[in-house]
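Undergrad: Residue numbers (the numbering used here), protein chains in the order written: chain X, 454 to 875; chain G, 454 to 875. What follows is a single structure, and I will ask about it in a moment.
Right, dumping it as structure tokens:
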């Protein structure tokens with residue numbers, strides 16, 4: 454008998470009917486002979502509504518009080534889910550983060566899980582009950598309520614699965630969401646994108662960082678660290694989705710598993726700056742303290758001068774301009790250049806490590822499609838090209854076609870290895 | 454420096470603006486040199502909304518889950534109240550029933566407070582912060598969330614005041630509500646009803662039992678048991694209200710402190726039943742097991758036969774008819790008579806104990822007003838008359854006038870003592 458943790462997002466539990474449908478899934482999984490632990494997010498727009506309420510009273514609400522306020526959202530959805538299970542004749546008990554033993558540090562609104570005591574869950578499972586656990590929340594050792602911040606409910610689910618060591622008896626963590634699974638590319642842009650049956654944590658993390666919004670990187674990292682298989686699937690469809698695992702059969706043979714697009718970037722260049730020791734530290738400290746997330750960084754040298762470029766989300770350009778000007782003031786030299794209207798297309802795959810020719814294949818395909826490449830960055834399992842924004846969607850489709858990604862998992866030995874060797 | 458517990462009901466914290474207004478009251482009380490502990494109910498209709506949500510999923514929701522669901526209402530209002538206080542520069546911290554140390558038994562939806570650990574409140578007060586406590590809720594020793602049922606938030610407030618022993622340094626418990634205080638009669642019916650500045654717990658309990666809905670009897674009983682002065686006052690007006698205390702100056706001189714009306718009763722009579730030992734037990738066991746609240750009971754004897762009458766709320770008549778028929782079947786004899794269209798008018802006052810002539814004065818006044826009296830029941834500090842429903846409001850006004858209640862507290866030595874002796 455396996456133990457399966459099933460996590461339902463805010464849309465999946467958005468109203469009474471949807472909650473009943475999720476409860477039926479839990480009942481079915483249990484009827485198939487598994488132990489189930491459910492994890493729920495807050496219903497639909499509850500969290501946004503609570504934030505609006507708070508802001509009507511205090512535009513800078515205290516973080517601890519926000520946590521106490523927001524944690525009520527999951528408490529409501531979990532109590533309702535337990536009632537829905539009772540209605541189906543399934544014994545169940547809702548548990549807050551504090552009751553289930555999710556202990557966090559005291560960084561309110563972005564707390565980190567420090568420990569999970571599985572004894573209450575085990576006791577409830579032993580009594581034949583489904584623990585219905587509030588995602589996104591925990592308590593500090595002194596009993597203060599905390600929330601985990603973005604991606605918190607997914608992280609709770611994976612962390613509970615880790616604490617219960619579900620993998621030991623063949624269990625895993627179901628993440629029910631509003632997509633069918635992880636695709637070779639965003640199917641809204643690439644019409645022939647294929648659903649992957651499996652993907653590695655590492656690949657998923659790269660794709661998540663590149664804007665593939667299926668799962669938050671934080672939960673995937675937790676899964677990787679504690680070896681929890683994560684099953685991403687649609688909450689309203691019976692089909693299996695995508696299993697995120699450490700490694701899978703033929704993983705090394707799949708050169709490229711997915712492609713991703715970040716559609717709206719700007720590039721900031723600091724040119725003719727002195728290539729001193731530590732100059733990069735000065736620059737990015739300033740940028741970071743302005744709260745700006747920096748994408749790829751490229752540095753080039755000309756004698757004792759250097760030029761540093763980095764990409765940022767288009768929305769951050771105004772802030773970054775101010776911060777970068779301050780940097781140049783501080784350095785006393787250099788030029789600031791800002792380009793807008795850029796996008797980034799990337800190919801990701803563990804198999805890249807062991808196959809040559811992947812980068813050249815990608816560049817050739819983009820060239821054939823007449824997509825200009827402004828910048829190139831690579832990691833062990835990723836190649837990214839900065840391209841003009843207006844070419845973004847075509848570039849994504851081009852990369853997808855170049856590696857026969859429409860074949861999904863079945864691509865393995867057929868097309869890609871040959872492609873990569875070509 | 455006194456410690457004052459201030460309780461704000463659901464209407465008082467119904468929206469952001471009202472919460473800010475309550476926060477200002479707390480700030481003012483604190484600025485006047487007092488320590489303040491705030492207690493909040495759930496905002497406006499929150500509790501009803503949550504109950505509807507639950508019933509859409511399960512028409513017989515589990516009591517434990519209902520408690521977990523409903524307790525979120527106060528958690529929201531208290532977090533918002535703390536934010537409102539911060540906005541005014543007042544340090545504050547919201548605390549759930551569990552966090553503040555309200556320990557209850559495990560009777561979900563109608564839990565009894567078993568103990569309150571005041572250490573967290575004292576620690577927060579010592580740090581200069583206002584504890585903003587969730588009313589209506591607590592936790593069992595094993596950490597299960599409970600709610601206290603009807604009148605729960607008032608009870609929480611009085612219980613916290615008792616645990617902090619506020620009376621020792623001149624403190625009390627403010628109950629902010631949507632009325633000015635306790636009146637000599639319902640001012641919607643009796644236009645010249647007067648607000649009382651003081652009333653005893655005992656008198657308040659009698660009035661509450663007679664349908665004067667200002668405060669729930671449970672909180673008053675708690676106040677009486679632990680000697681907590683309770684100040685009932687309007688949440689949106691600065692005026693003082695009514696202080697409920699053990700005894701007050703001149704209490705014995707006020708013969709009648711208030712009058713009350715229960716407007717819609719029916720009377721059930723079981724006639725010609727054998728006056729056996731234990732027959733009353735048989736009857737009222739049956740009635741009670743049907744969940745019917747019985748008002749006054751009158752028994753009369755005729756030889757070895759008896760007749761037992763009791764009044765019930767008009768809404769319960771259909772149920773009581775069935776239960777009473779079963780009783781007669783069981784006894785194998787007797788007749789059932791049901792009268793509808795009755796009301797009960799009562800006069801309450803501690804001073805009654807030591808003054809004669811109160812009953813006769815009341816009866817004479819009702820007679821002069823041509824109000825027929827069907828039944829009379831009395832307690833040490835109360836006289837009640839069952840009258841025809843259509844005479845109810847006139848009867849209330851008549852009793853009010855007969856004891857010069859329009860003079861309120863100032864009636865003491867002037868009018869009533871003479872009246873009573875007359």
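For glycine and all other residues, C-beta sits at the position ideal for the given N, C-alpha and C.
1) Are the CB atoms of residue 710 of chain G and residue 634 of chain G nearer to each other than 7 angstroms?
2) Check whether the segment 601–620 of chain G and the segment 805–812 of chain G are in contact - that is, three or more C-beta pairs closer than 8 angstroms.
3) Would you mind telling me which residues of chain X sit closer than 9 angstroms to residue 778 of chain G, beta carbon to beta carbon, in chain order?
4) Taking contact to mean 3 or more Cβ pairs, one atom from each stretch, closer than 8 angstroms, check whether the segment 565–572 of chain G and the segment 544–555 of chain X are in contact.
5) Since residue 540 of chain G meets chain X, which of its residues come closer than 7 angstroms, beta carbon to beta carbon?
6) Looking only at DSSP bridge pairs, what is residue 569 of chain G linked to?
7) First and last residue of the alpha helix (DSSP H) that includes residue 477 of chain G?
8) Are there 16 or more other CB atoms within 10 angstroms of the CB of residue 735 of chain X, so buried, or fewer, so exposed?
9) Buried or exposed: which applies to residue 875 of chain X, given that a residue is buried once 16 or more other Cβ atoms fall within 10 Å of its Cβ?
10) The segment 511–531 of chain X: which residues have C-beta closer than 9 angstroms to a C-beta of chain G, in chain order?
11) Would residue 601 of chain G count as contacting chain X if we go by Cβ distances under 7 angstroms?
12) Between residue 719 of chain X and residue 658 of chain X, which are expected to be in contact by the criterion C-beta below 8 angstroms, what is the C-beta distance as a whole number of angstroms?
13) Can you list, in chain order, the residues of the segment 584–616 of chain X whose Cβ is nearer than 7 angstroms to any Cβ on chain G?
14) Note down, in chain order, each residue of its chain lying with its Cβ closer than 7 angstroms to the Cβ of residue 482 of chain X, except the 5 sequence neighbours on either side.
15) Quick one: what's got a C-beta closer than 6 angstroms to residue 764 of chain G's C-beta in the same chain, skipping five residues either side?
16) Output the boundary residues of the alpha helix (DSSP H) element that contains residue 651 of chain G.
17) List the residues of chain X that residue 472 of chain G touches, going by C-beta distances under 7 angstroms, in chain order.
18) Here's a check: name, in chain order, each residue in its chain whose Cβ is nearer than 7 angstroms to the Cβ of residue 562 of chain G, leaving out the five neighbours to either side.
19) Go ahead and label residue 853 of chain X buried or exposed: buried means 16 or more other beta carbons lie within 10 angstroms of its beta carbon, across all protein chains shown.
20) Thinking C-beta only, is residue 616 of chain G closer than 7 angstroms to residue 566 of chain G?
21) Are the C-beta atoms of residue 658 of chain X and some chain G residue less than 7 angstroms apart?
22) Assuming residue 589 of chain X and residue 494 of chain X are in contact, meaning their beta carbons sit under 8 angstroms apart, how far apart are those beta carbons, in whole angstroms?
23) At a CB distance below 8 angstroms, what residues from the segment 487–506 of chain G approach chain X? Give them in sequence order.
24) I'd like to know whether the C-beta of residue 572 of chain G is nearer than 7 angstroms to at least one C-beta of chain X.
25) Quick check on the burial criterion: 16 or more other C-beta atoms within 10 angstroms. Buried or exposed for residue 762 of chain G?
26) Looking only at its chain, what residues have a beta carbon closer than 8 angstroms to the beta carbon of residue 580 of chain G, apart from the 5 residues adjacent to it on each side?
27) Got a sec? Which residues, its chain only, sit under 6 angstroms from residue 818 of chain X by beta carbon, not counting five neighbours each side?
28) Which residues does DSSP list as the beta-bridge partners of residue 754 of chain X?
29) Considering only the alpha carbon of each residue, which of G/512, G/473, G/506 lies closest to residue 511 of chain X?
30) What residue range does the alpha helix (DSSP H) around residue 861 of chain G cover?
31) Please classify residue 745 of chain G: is it buried, with 16 or more other beta-carbons within 10 angstroms of its beta-carbon, or exposed?
32) When you compare the CB of residue 689 of chain G with every CB in chain X, is at least one pair closer than 7 angstroms?
33) When you compare only the Cα positions, how much space is there between residue 508 of chain G and residue 501 of chain X?
34) For the beta strand (DSSP E) holding residue 459 of chain G, just list the boundary residues, first then last.
35) For residue 552 of chain X and chain G, any beta-carbon pair shorter than 7 angstroms?
36) Residues in its own chain within less than 7 angstroms of residue 582 of chain X by CB, not counting five upstream and five downstream?
TA: To lay it out plainly:
1) In this structure, residue 634 of chain G does not lie closer than 7 angstroms to residue 710 of chain G by Cβ.
2) These segments do not touch.
3) Within chain X, no residue comes near residue 778 of chain G; the closest Cβ sits about 36 angstroms away, beyond 9 angstroms.
4) Fewer than three pairs of CB atoms, one per stretch, sit closer than 8 angstroms, so the segment 565–572 of chain G makes no contact with the segment 544–555 of chain X.
5) Residues of chain X passing the Cβ test: 510, 511.
6) G/555.
7) For residue 477 of chain G, the enclosing alpha helix (DSSP H) begins and ends at 469–484.
8) Exposed.
9) Caution applies to residue 875 of chain X, whose pLDDT of 45 falls short of 50 and renders its modelled position unreliable; the value that the coordinates give is listed next. So residue 875 of chain X ends up on the exposed side.
10) Along the segment 511–531 of chain X, the positions whose C-beta sits under 9 angstroms from a C-beta of chain G are 511, 512, 513, 514, 515, 517, 518, 519, 520, 521, 522, 523, 524, 525, 526, 528, 529, 531, read in chain order.
11) No - not a single Cβ of chain X is within 7 angstroms of the one on residue 601 of chain G.
12) Incorrect: roughly 24 angstroms between the Cβ atoms, too far for contact.
13) Listed by position along the chain: 596.
14) Cβ neighbours of residue 482 of chain X beyond the five flanking positions: 457, 459, 489.
15) Leaving aside the five residues that flank residue 764 of chain G on each side, the residues in its chain whose CB is nearer than 6 angstroms to its CB run, in chain order, 718, 720, 748, 749.
16) DSSP places residue 651 of chain G in no alpha helix (DSSP H) but in the uninterrupted beta strand (DSSP E) bounded by 651–653.
17) Going along chain X in sequence order, the residues near residue 472 of chain G (Cβ under 7 angstroms) are 510.
18) Around residue 562 of chain G: 516, 519, 520, 600, 602.
19) So residue 853 of chain X counts as buried.
20) Going by C-beta atoms, residue 566 of chain G is not nearer than 7 angstroms to residue 616 of chain G.
21) No, because no Cβ of chain G sits closer than 7 angstroms to the Cβ of residue 658 of chain X.
22) Contact holds; Cβ gap of about 6 angstroms.
23) Contact residues of the segment 487–506 of chain G toward chain X are 503, 506 (C-beta to C-beta distance below 8 angstroms).
24) Answer no: the Cβ-Cβ gap between residue 572 of chain G and chain X never drops below 7 angstroms.
25) Taking every protein chain shown into account, the CB of residue 762 of chain G has 16 or more other CB atoms within 10 angstroms, so this residue is buried.
26) So the qualifying residues of the chain are 544.
27) Here the set comprises 851, 855.
28) Residue pairing from DSSP places residue 754 of chain X in a beta bridge opposite X/759.
29) By alpha-carbon distance to residue 511 of chain X, the top candidate from G/512, G/473, G/506 is G/473.
30) Neither: residue 861 of chain G is in no alpha helix (DSSP H) and is coded neither H nor E.
31) Residue burial is scored here from C-beta neighbours: residue 745 of chain G has at least 16 other C-beta atoms within 10 angstroms and is therefore classed as buried.
32) No, residue 689 of chain G lies away from the interface with chain X (no Cβ there is under 7 angstroms from its Cβ).
33) Distance between the alpha carbons of residue 508 of chain G and residue 501 of chain X is about 24 angstroms.
34) Residue range 456–461 is occupied by the beta strand (DSSP E) that includes residue 459 of chain G.
35) Yes, because at least one Cβ of chain G sits closer than 7 angstroms to the Cβ of residue 552 of chain X.
36) The beta carbon of residue 582 of chain X sits closer than 7 angstroms to those of 544, 545, 546, all from its chain and outside the five residues before and after it, given in chain order.
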